[in-house]
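Keeping their order, the protein sequence lines are chains F and S. So the first sequence is numbered by the working numbering: it starts at 2 and just counts up by one. So the second sequence is numbered by the working numbering: it starts at 1214 and just counts up by one. The beta carbon of each residue, even a glycine, is placed where N, CA and C say it ideally should be. One structure is given here, and the rest of the page talks about it.
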Amino acid sequence: MRPKTQRFIVPAAILVVLAIPLFVTVPYYLHIMFMVFLFATMGLGWNLIGGYGAQLSLGHSVFFAIGAYTAVLFVVYKRLTPFVGGVAGMALAVVAAVIIGLPCFRLRGPYFALATIASGEITRTLLLHSKDFTAGANGVPLAFHGNDPLFLQFSSKAPYYYLALFLLAAVFMIVRTMERAKVGRYLAAVREDQDAAESLGVKTAWVKMIAFVLSAAIVAACGVIYAFTVGYIDPDSVASVNLSIEIAVVVIVGGIGTLWGPVLGAVVIVLLTELTNMFLGGVRAGANLVLYGTLLIVVILLKPNGLISFFDKFRPKQEAEKTQVAHGTHA
Amino acid sequence: MEPMLKVTDLKKSFGGVHALKDVSLQLEGGEILGLIGPNGSGKSTLVNTIAGLYRPDGGTVLLEGADVTAQAPAAMARHGIARTFQSSRPFLNLSVLENVTVAALLHTRHTAEAEAVAVECIAMTGLKSSMHLKSSSLPVEKRKRLDLCRALALKPKLIMLDECLAGLNPHEMEDGLELVRTINRSGISVIFIEHVMKAVVALCHRVVVLNQGELLAEGAPEVVMADEKVITAYLGEGYKRACN
């Protein structure tokens, strides 16, 4: 894309996204957009460790659940605003990331992925069986007491839309800055060759931990926003291995280790999910999932470097190579 | 004055294989020490153990008198010990500049500062024309230079070069030797592992010979190469005849 065109398209796209709730009033459509922003944000967070750090995590629902449950339980038990509960949830997610990361970063490749799946299942089981505190499988509903910004309660979907959009923008800028900073360079080195990186003074465990912790905090923040938008959480919806996989799939389909990949991946995956549900959900049990899975396989086969590689020809050469780098197809 | 590096009774075993048996050596500041021996004699194990990649089973490593035994590779780099690998290991999907910048970031958190240091090192090692190329596209000789360049960007006191001339043609080898001399003249001590005896003799102030994990001989290159034990265990009678 030419810089002049880019200068025009980016502000225009921002204006369109900001104006959508003014023209689209159907809550369902706004909710779909909300989910796109949410998954894009989670994808950007996951990408820090899974993409830039090449540590395949399949347990990120742990952090989503910690953020969601902490903020909701703070409201239910202490009547504290989710702004306090949200910060507490993010802090707890950071602690959980350290606890998971310390033993798991000794493992490499598939063993790390297996260990993260295990940590996700442990969290889901704990939430299911701590019935006195979390209501177990019944979940925790949030009663609606009218519009109250302090408690993130709105009768319209538009404020949630803007909240998710703001979080996405903030996380996008953080990741963009991190990509160019020392820690980003070190992560790239770790992804390429851990032993060589160590010999150049890179404390690989520490670098991975920074990425993991930041990634956990971002996904926890998403959990908070999700809980107050939907108004109900239970272990299967916020702590399932399916959610962890979906976060990873968003990034893999969009373009792993790239800045825009998770955003594009979220648009495609969320829309694909909703469209297959809409048109095939009632036709035959599981038909929507069969089509979803088939389309996913086709996309991955056609564009193994992620859908973002469609745009390679519009980007400067060095930027385009980053897509190939992250997938190791340019060696 | 403390020696730059003092290794005492270093031991390392892999299962039943004793790769290093009480190896001791010393390297003075500004010295180039050749480390030679047949394949499997323990040269690379010694370098890996000094650099912290392997944990020794016994013995000590002192750097300018400070005990740095069994510290992690990242800590060793911070102490001023840099190394290259036997098979060159650049970050293949990063450019030459990005590769060297990673090393230069050891002393600063500002990427612009690190890039400036990286550019200096790249110029010094003759890689300027390849600065923006991906290291995967470099030929063997340039990959070896890149290894050396990254080590240099760490601003080390000591560089351990593990067969950095392997696979090079005679002309490239000459250039490589000159580069090592230039690095040494800037005050950096060097441990030079090599099988090309001509290069060892031309470059090293002193030579240590390892055989089956043990120190076999030590001294000036000409003296060591004439040692019967070294000829029998490593160089062979052919080398002796060629010298005569």
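- In the three-state scheme derived from DSSP, where H, G and I count as helix and E and B as strand, E1215(S) is classed as coil.
- Around Q195(F), the same chain offers T205 as residues with beta carbons nearer than 7 Å, after the five sequence neighbours per side are excluded.
- Taking 8 Å as the threshold, the shortest C-beta distance from L201(F) to chain S falls below it.
- Within the same chain, and ignoring the five residues on either side of E1215(S) in sequence, the residues whose Cβ sits closer than 6 Å to its Cβ are E1277, G1278.
- Inter-segment contact for the region 1328-1344 of chain S and the region 219-239 of chain F is absent: fewer than three beta-carbon pairs are separated by less than 8 Å.
- Cβ proximity to chain F below 7 Å picks out A1316, L1318, L1319, R1322, T1324 from the region 1316-1343 of chain S.
- Membership of S216(F) in the alpha helix (DSSP H) is indicated by the continuous run 205-231.
- In this structure, I1372(S) is the residue among M1289(S), I1372(S), A1433(S) with its C-alpha nearest to the C-alpha of G1243(S).
- According to the DSSP assignment, F35(F) belongs to the alpha helix (DSSP H) that extends over 28-48.
- Beta-bridge pairing by DSSP links I1404(S) to L1246(S), M1373(S).
- Contact between E275(F) and I50(F) is ruled out by a C-beta separation of about 28 Å, above the 8 Å threshold.
- Closest option to N1312(S), judged by alpha-carbon separation, among G232(F), L201(F), I246(F): L201(F).
- Look at P1286(S): its C-beta is under 8 Å from a C-beta on chain F.
- With respect to the 8 Å criterion, R192(F) and A55(F) are classified as neighbours on the basis of their beta carbons.
- Going by C-alpha positions, A288(F) is about 14 Å away from L297(F).
- Neighbourhood of K204(F) in chain S, by CB distance below 7 Å: A1287, in chain order.
- Residues of the region 170-188 of chain F that bring their beta carbon within less than 8 Å of a beta carbon in chain S comprise R181, A182, K183, R186, Y187, in sequence order.
- A distance below 8 Å separates the beta carbons of L260(F) and E180(F).
- DSSP places E1431(S) in the uninterrupted beta strand (DSSP E) bounded by 1427-1432.
- Inclusion of L1392(S) and F1405(S) in the CB contact set at 8 Å is not warranted, their separation being larger than that value.
- Counting only Cβ-Cβ distances below 7 Å, T1314(S) has contacts in chain F at R186, in chain order.
- T124(F) is the residue among T124(F), F113(F), G68(F) whose C-alpha sits nearest the C-alpha of D237(F).
- The continuous stretches of alpha helix (DSSP H) do not include A1283(S), and DSSP gives it neither H nor E.
- Closer than 8 Å to the CB of F1304(S) there is at least one CB belonging to chain F.
- With contact defined as three or more Cβ pairs closer than 8 Å, the region 21-35 of chain F and the region 82-102 of chain F are not in contact.
- Nearest CB-CB separation between D313(F) and chain S: not below the 8 Å threshold.
- Excluding the 5 residues flanking it on each side, N1306(S) has same chain C-beta neighbours closer than 7 Å at K1347, S1349, in chain order.
- With respect to the 8 Å criterion, Y70(F) and P142(F) are not classified as neighbours on the basis of their beta carbons.
- The beta-bridge partner set that DSSP reports for L1223(S) consists of V1236(S).
- Restricting attention to alpha helix (DSSP H) runs no shorter than 4 residues, the region 1297-1368 of chain S encloses them at 1309-1317, 1324-1337, 1353-1366, ordered along the chain.
- Along the region 1249-1277 of chain S, the positions whose C-beta sits under 9 Å from a C-beta of chain F are A1264, G1265, L1266, read in chain order.
- Around the beta carbon of Y1267(S), 16 or more other beta carbons sit within 10 angstroms, so the residue counts as buried.
- Contact check for C1377(S) against L1361(S) passes: the beta carbons are separated by less than 8 Å.
- Just so you know, the alpha carbons of V76(F) and R1296(S) end up roughly 56 Å apart.
- F213(F) sits buried, since 16 or more C-beta atoms from the chains shown fall within 10 Å of its C-beta.
- Secondary structure at G287(F): coil, using DSSP grouped into helix, strand and coil.
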